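Data block below; observations after.
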Amino acid sequence: MTLETIIFLVLIPLVIALALLFIRHDAARGPIVFIGAAATAAFSVVLAIQQEIWSDAGPNLLWSGATESAEITGNVMMVVEAALAVVIFILGIKYKKVLASVLVAIQCPILIWFELTKGHSIEVANNINIDQFSLIMVLIIGIIGTLICVYAVGYMKDFQSHHADQPDRRWWFFFLMFLFLSAMFGIVLSNNLIYMYFFWEITTLCSFFLIGYTKTDEAVKNSFRALIMNLLGGLAFVLAIVMLGGTYGTLEIDQLIQTGVAAKALGQPDYIINAVVMLLCFAGITKAAQMPFNSWLLGAMVAPTPTSALLHSSTMVKAGVFLIVKLAPLLGVQGIMDLGSPGFMVMMVGGVTFVLASFAAVTQSNAKRVLAYSTIANLGLIVACAGLGTPEGVWAAIMLIIFHAVTKSLLFLSVGTAEHNIGSRDIEDMDGLFGRMPRLAVFMIIGIAAMFLAPFGMLVSKWAALQSFVDAGGIWVVLMVVFGSAVTVFYWGKWLGKLTAIVANRQNIQDKVHGEEWFVLMGHIVLVIIISLSFPLFSGNVVVPFITDAFSGLSDASAVALSSDNMIIMVVLVAVILVLPLLFYGRTRKRIVPLYMAGANEGDNLTFAGAMGKDVPVRLRNWYMEGVFSEKLMNRIGVIATCFIFAVSFSFVASLALSVFRYLQGGGAL
Amino acid sequence: MTVSIYAVIGLVCYLIAGPFVGGFLAGVDRRITARMQGRFGPPIMQPFYDVRKLIEKEPVTVNSGQDFYVMCFLVFVIITGGLFFFGENLLLVIFALTTANLFLVVAAYSSNSPYSQIGAERELLQMMAYEPMVLLTAVGLYMTTGSFRIGDIVAGGGLENGGIPLQYLVGIFIGYIFILTIKFRKSPFDLSLSHHAHQELVKGVTTEFSGRTLALIEVAHWYENVFLLGFIFLFFQNGTWYMAVVGIVVALLAYFLEIFIDNAFARMKWQFALKSSWIVTITFGAVNLILLYYLKGLM
Chain A
0 MTLETIIFLV LIPLVIALAL LFIRHDAARG PIVFIGAAAT AAFSVVLAIQ QEIWSDAGPN
60 LLWSGATESA EITGNVMMVV EAALAVVIFI LGIKYKKVLA SVLVAIQCPI LIWFELTKGH
120 SIEVANNINI DQFSLIMVLI IGIIGTLICV YAVGYMKDFQ SHHADQPDRR WWFFFLMFLF
180 LSAMFGIVLS NNLIYMYFFW EITTLCSFFL IGYTKTDEAV KNSFRALIMN LLGGLAFVLA
240 IVMLGGTYGT LEIDQLIQTG VAAKALGQPD YIINAVVMLL CFAGITKAAQ MPFNSWLLGA
300 MVAPTPTSAL LHSSTMVKAG VFLIVKLAPL LGVQGIMDLG SPGFMVMMVG GVTFVLASFA
360 AVTQSNAKRV LAYSTIANLG LIVACAGLGT PEGVWAAIML IIFHAVTKSL LFLSVGTAEH
420 NIGSRDIEDM DGLFGRMPRL AVFMIIGIAA MFLAPFGMLV SKWAALQSFV DAGGIWVVLM
480 VVFGSAVTVF YWGKWLGKLT AIVANRQNIQ DKVHGEEWFV LMGHIVLVII ISLSFPLFSG
540 NVVVPFITDA FSGLSDASAV ALSSDNMIIM VVLVAVILVL PLLFYGRTRK RIVPLYMAGA
600 NEGDNLTFAG AMGKDVPVRL RNWYMEGVFS EKLMNRIGVI ATCFIFAVSF SFVASLALSV
660 FRYLQGGGAL
Chain B
0 MTVSIYAVIG LVCYLIAGPF VGGFLAGVDR RITARMQGRF GPPIMQPFYD VRKLIEKEPV
60 TVNSGQDFYV MCFLVFVIIT GGLFFFGENL LLVIFALTTA NLFLVVAAYS SNSPYSQIGA
120 ERELLQMMAY EPMVLLTAVG LYMTTGSFRI GDIVAGGGLE NGGIPLQYLV GIFIGYIFIL
180 TIKFRKSPFD LSLSHHAHQE LVKGVTTEFS GRTLALIEVA HWYENVFLLG FIFLFFQNGT
240 WYMAVVGIVV ALLAYFLEIF IDNAFARMKW QFALKSSWIV TITFGAVNLI LLYYLKGLM
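Those protein sequence lines, which keep their order, are chains A and B. Be aware that the first sequence starts at 0, since it is given in numbering that gives the first Met the number 0, and climbs by one per residue. Be aware that the second sequence starts at 0, since it is given in numbering that gives the first Met the number 0, and climbs by one per residue.
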């Protein structure tokens, strides 16, 4: 029963994708997308209900590799993988990006060789794993992801009319979007690493094609950058599979975690497991666009906005953090300088990324770039929390994933709508958006507030994160978090200010927005509010059961970073902050008077009498502090610091793993 | 959730007496400042007279939105202080304070007036400058007392032999005093809002507010100042009454020190405000925490 639902869940988006690929008629596309989105969302909810997401039932492992269906699936995957590798290889050569071809020419043969030799004899007990965390991801993908697809229908209509000289390739766009959703479902439900790798590579490819959608030089360049960086992660993934399968004879994530946790409990780190975990986390780090790989996500903005919304909120980068958080029981740090452990590497890379990406965001005036840096920073925080490897840290990480998915998608889509209507995505041009597109401005204000202000969810999670770093000895990350979050307040605050500014004489132009766009944006707002009001329930009934299973033998109370009192206070404050504007905003009986300006106000609040009796229009610009927080400098520091962390950690683990390996070869026993 | 009687007393006292204490301190500030400058100065009660006068003024505004934000500012400052004196979580208090301040910033931005906006941006800059140190203060208190709850910190939990948090947190204490200059809007860091008429931008954030709205902001600042001094109080607590007295005395001394600094320095540029507070945060705050971490490992 469950297995069928899962297969449906992966197949429905796939079938819709294929339908969109072949039925290219403009009038048919809308209905197909709507039906497909509704069906996908419905099935993800059905799966959550079937699996009783709110119960303590524990993970549900399914689908033995010995069944015929699993064997056929495995073979199909191998063939598809080989075919895709050939495609990438040829594209790499065609566009003179040899590195992509080289990477794919290394990893694909290794994996196929492994599958045909050693891998063939490995018995996989369970190909699928459903637990509360994967169900949360299913809901995020199934609801946010499909909402973005619906939004894209109207958006791409405008996009096409803005780019009328280009051939209409929307069929390709929507094919990729739905394929992406299908692959994401695959990732979060796989227990077999080879399955996960298969879906992992599909998301890499989908993002590659989506980024390159417009086929401009910049788009092609950026899409290859994304491809190469993600293939690097893919290579690490393959090495992890080979290493784990070769030494322990298993390919299953739950087995990997069990073996590692057992070794950890004995107090003897297992260096081979550590190396495997490190490689997998490295793959996660590339996908989650952590430094030094953050440039691919920034480059991804050349794509139409729904792509960015999809990559940043519910898919792609979330696949990276999903894997790392999943492995969190094997992470963790002992002491302040635990150089050789995978937890230390993950935590430090996340922390460095959080603080430096936040700094870089200050200097950006392009709204999408601000959002991109904020995504990178928040993912950094999630990664760092997972690196701590404590229940509290995992709680904070999962909460961050949930809140970030909804809020970031809302913001990207709002910016997309603003861009199509005011003709710019620059924050400076959003001056007086409150007058021009009041509803959209309110949506953006809610989104921004939800990203960084108490009492909304992101802040709750940040608070929990800070608490868990202090508790678990992540003192370096505590320092990074306090500076990073101070800067976060600055860059969101000035954007918020621009939006709330009431500029005289602005015409309302918001009636040109498509109906689907309003529907989707409204849906996001409802989700943001519902989640902010109900997160304590969600925490207690869904997140905590997952954590108590993942860290066996844990009491419910120690799985949460925040006490329930504090959570209730936050919810009450959310209610206050939602009710206040409804009651009081804009109600004044006071006399409205002109502004105070640098010279005499000409009466319209837009010009003043300057020197020599000349009228001077007022122009207000925000503050970007390029001299202090230079984007270039932050990226350079980030690349050096994170590469250094990788180098130290990998050399530690490689030498340890090698010595264990030699010892075993020499006939010793562990 | 058991509510202690002290928490309720603390909350009620703050809500009722907070503005009076804050206003009184403001009056003392003006008197001392005047004496330092060789003037006689206004009566101690002058801040209250000022507020009364503001309330009596003709109600005008530049747009229909900003009064709402100012009201939210006041509401959230009171909530923040209330949570503090009720003995709630210190981090929650800090985050609520950020929200409160942001309402003031947004109120200033909403007018779309040049002076207001510069003031608002500078206010954001100041928040960015002081926030790391404030958070580290909370972390330091947590590491010494084992709790973020103010109620527990005041009760002296976690420390042995009647010790006070300050004995492990000298660096943090210095850092907090440093950024308090920013929070009290004192020269050299009174970039967004000053009470000295000679600065290049005097009432940045509050340029576009008048009458009753401005009075609300004044009252909000009184509320805010009282609980900012409350942070200093926390450094001295071990659950005894005499250390509570010591805490209050030191808080008042710190207030005096800030007045002195205010009169001894000219306004600095924003770069200096940001860099110096971050450098102090790292050299005093962060180093203190790292040492404390090792110390805790040894204990």
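Glycine is no exception: its CB is placed at the ideal position from the N, C-alpha and C atoms. As the structure is a prediction and not an experimental result, all values here were calculated from the model.
Can you list, in chain order, the residues of its chain whose CB lies under 8 angstroms from that of Ala128(B), leaving out five sequence neighbours each side?
For the purposes of this step, residue 128(B) is identified with residue 129 of the second sequence, where counting begins at 1. Correct list, in chain order: Ile178, Ile181, Phe188, Ala272, Leu273, Ser276 and Trp277.
Please decide whether Leu89(B) counts as near chain A, where near means a Cβ-Cβ distance under 7 angstroms.
Translated into positions along the second sequence, residue 89(B) becomes position 90. By this cut-off, Leu89(B) is not an interface position.
CB contact below 7 angstroms: Lys613(A) versus chain B
The sequence position of residue 613(A) within the first sequence is 614, counting from 1. With 7 angstroms as the cut-off, Lys613(A) does not count as an interface residue toward chain B.
6 angstroms CB neighbourhood of Ser654(A) in its chain, flanking five on each side removed
One-based indexing of the first sequence puts residue 654(A) at position 655. Taken in chain order, the list of residues that qualify is empty.
To be precise: take each residue of the segment 518-542 of chain A, compare its Cβ to all Cβ atoms of chain B, and keep it if any distance is under 9 angstroms. Which residues remain?
Result list empty, no residue passes.
Opposite Phe607(A) in the DSSP bridges: which residues?
As a position in the first sequence, residue 607(A) is number 608, starting the count at 1. The partner list for Phe607(A) (beta bridge, DSSP) reads Asn600(A) and Val615(A).
To the nearest angstrom, how far is it from the Cα of Val50(B) to the Cα of Trp53(A)?
On the second sequence, residue 50(B) is found 51 positions in, with the first residue counted as 1. On the first sequence, residue 53(A) is found 54 positions in, with the first residue counted as 1. The alpha-carbon atoms of Val50(B) and Trp53(A) are separated by roughly 54 angstroms.
Contacts of Trp462(A) in chain B (Cβ-Cβ under 8 angstroms)
Along the first sequence, one-based indexing puts residue 462(A) at 463. Under the 8 angstroms cutoff, chain B gives Leu90, Leu91 and Phe94.
For the putative contact between Ile11(A) and Ala38(A), defined by C-beta atoms under 8 angstroms, what is the C-beta separation to the nearest angstrom?
Residue 11(A) sits at position 12 when you count from the first residue of the first sequence. Residue 38(A) sits at position 39 when you count from the first residue of the first sequence. Their Cβ separation, rounded to whole angstroms, is 5 angstroms, which keeps Ile11(A) and Ala38(A) in contact under 8 angstroms.
Could you give the first and the last residue of the continuous beta strand (DSSP E) run that contains Ile127(A)?
Stepping through the first sequence from its first residue, residue 127(A) is reached at position 128. Element bounds for Ile127(A): Ile127 to Ile129.
Does the segment 102-122 of chain A touch the segment 177-190 of chain A, meaning 3 or more C-beta pairs lie closer than 8 angstroms?
no
Closer than 6 angstroms: is that where the CB of Leu110(A) sits relative to any heavy atom of the ligand SAH?
The ligand SAH is not part of this structure, which contains no ligands at all.
Which residue's Cα is closest to the Cα of Val301(A): Leu60(A), Lys589(A) and Asn221(A)?
Stepping through the first sequence from its first residue, residue 301(A) is reached at position 302. It is Asn221(A).
So with Cβ pairs under 7 angstroms, would you call Gly80(B) a contact of chain A?
Here residue 80(B) is taken as the residue at index 81 of the second sequence, counted from 1. So no, Gly80(B) is outside the interface.
Measuring straight from C-alpha to C-alpha, what distance separates Met0(B) and Asp564(A)?
In the second sequence, the residue the question calls residue 0(B) occupies position 1. In the first sequence, the residue the question calls residue 564(A) occupies position 565. Low local confidence applies: a pLDDT of 47 at Met0(B) is under 50, so the model's placement there is unreliable, and no value is given.
Do Thr416(A) and Glu516(A) have their C-beta atoms within less than 7 angstroms of each other?
To locate residue 416(A), count along the first sequence from 1; it is residue 417. To locate residue 516(A), count along the first sequence from 1; it is residue 517. Yes, the pair counts as a contact, with Cβ atoms nearer than the cut-off.
Any idea which residues DSSP pairs Asn191(A) with across the strands?
Your numbering for residue 191(A) matches position 192 in the first sequence. Asn191(A) pairs with Glu251(A).
Give the residues of chain A in contact with Asn62(B), contact being defined as C-beta atoms less than 7 angstroms apart.
Counted from its first residue, the second sequence places residue 62(B) at position 63. Chain A residues near Asn62(B): Ile501 and Ile591.
What residues from the segment 213-238 of chain B come within 8 angstroms of chain A, judged by C-beta to C-beta, listed N to C?
none
Might you give, ordered along the chain, the residues of its own chain that have their beta carbon closer than 8 angstroms to the beta carbon of Glu200(A), omitting 5 neighbours on each side?
Walking along the first sequence from the start, residue 200(A) turns up at place 201. Only Glu80, Leu83 and Gly233 meet the Cβ criterion.
DSSP on Val137(A), reduced to helix/strand/coil?
Counting from 1 along the first sequence, the entry for residue 137(A) is found at position 138. In the structure shown, Val137(A) sits in a helix (DSSP, three-state: H, G or I).
Going by the beta-carbon positions, is the gap between Ala218(A) and Phe198(A) smaller than 7 angstroms?
On the first sequence, residue 218(A) is found 219 positions in, with the first residue counted as 1. On the first sequence, residue 198(A) is found 199 positions in, with the first residue counted as 1. Not in contact: Ala218(A) and Phe198(A) (Cβ atoms no closer than 7 angstroms).
For the alpha helix (DSSP H) containing Leu61(A), name the first residue and the last one.
Taking the first sequence and counting its residues from 1, the one referred to as residue 61(A) is at position 62. Run containing Leu61(A): none in the alpha helix (DSSP H); it sits in the beta strand (DSSP E), Asn59 to Leu61.
Grab the span of the alpha helix (DSSP H) containing Pro341(A) for me, first residue to last.
Locating residue 341(A) in the first sequence gives position 342, where the first residue counts as 1. Pro341(A) -> alpha helix (DSSP H) spans Pro341 to Val361.
Measuring alpha carbon to alpha carbon, tell me which residue in Leu14(B), Gln236(B), Val7(B) and Ala6(B) is nearest Ala219(B).
In the second sequence, residue 219(B) corresponds to position 220, counting from 1. Ranking the options by Cα distance to Ala219(B), first place goes to Leu14(B).
Residue of Val86(A), Trp394(A), Gly456(A) and Phe173(A) minimising C-alpha distance to Leu13(A):
Here residue 13(A) refers to the residue found at position 14 of the first sequence. It is Phe173(A).
Residues bridged to Arg148(B) by DSSP?
Walking along the second sequence from the start, residue 148(B) turns up at place 149. Paired residues: Asn88(B).
Looking only at C-alpha atoms, which of Ala104(A), Glu67(A) and Leu138(A) sits nearest to Val45(A)?
Counted from its first residue, the first sequence places residue 45(A) at position 46. Selected option, being the one with the closest Cα: Leu138(A).
Any alpha helix (DSSP H) of 4 or more consecutive residues that is wholly inside the segment 14-59 of chain A
25-49
Are the segment 328-343 of chain A and the segment 461-469 of chain A touching by the rule of at least three beta carbon pairs closer than 8 angstroms?
no
Whole angstroms are fine: how far does the CA of Gly431(A) sit from the CA of Met70(B)?
As a first step, residue 70(B) must be located in the second sequence, where it is residue number 71. As a first step, residue 431(A) must be located in the first sequence, where it is residue number 432. Using only the alpha carbons, I get a separation of about 22 angstroms.
How long is the line joining the alpha carbons of Leu669(A) and Tyr662(A), rounded to whole angstroms?
Mapped onto the first sequence, residue 669(A) falls at position 670. Mapped onto the first sequence, residue 662(A) falls at position 663. Model confidence at Leu669(A) stands at a pLDDT of 46, short of 50, so the residue's coordinates are unreliable and nothing is read from them.
Residue range of the alpha helix (DSSP H) that includes Gly522(A)
Within the first sequence, numbered from 1, the residue matching residue 522(A) stands at position 523. Here the alpha helix (DSSP H) through Gly522(A) covers Gly514 to Phe537.
9 angstroms Cβ cut-off: residues of chain A touching Val104(B)
Mapped onto the second sequence, residue 104(B) falls at position 105. Neighbours of Val104(B) on chain A, chain order: Gly492, Lys493, Leu495 and Gly496.
In whole angstroms, what separates the C-alpha of Leu297(B) from that of Val76(B)?
As a working mapping, residue 297(B) is identified with position 298 in the second sequence. As a working mapping, residue 76(B) is identified with position 77 in the second sequence. The pLDDT assigned to Leu297(B) is 48, lower than 50, so where the model puts this residue is not dependable; a value taken from the coordinates is nonetheless given after this. Going from the Cα of Leu297(B) to the Cα of Val76(B) covers about 40 angstroms.
For the segment 126-141 of chain B, which residues have a beta carbon sitting closer than 7 angstroms to at least one beta carbon of chain A?
Met126, Met127, Glu130, Pro131, Leu134, Leu135, Val138 and Tyr141
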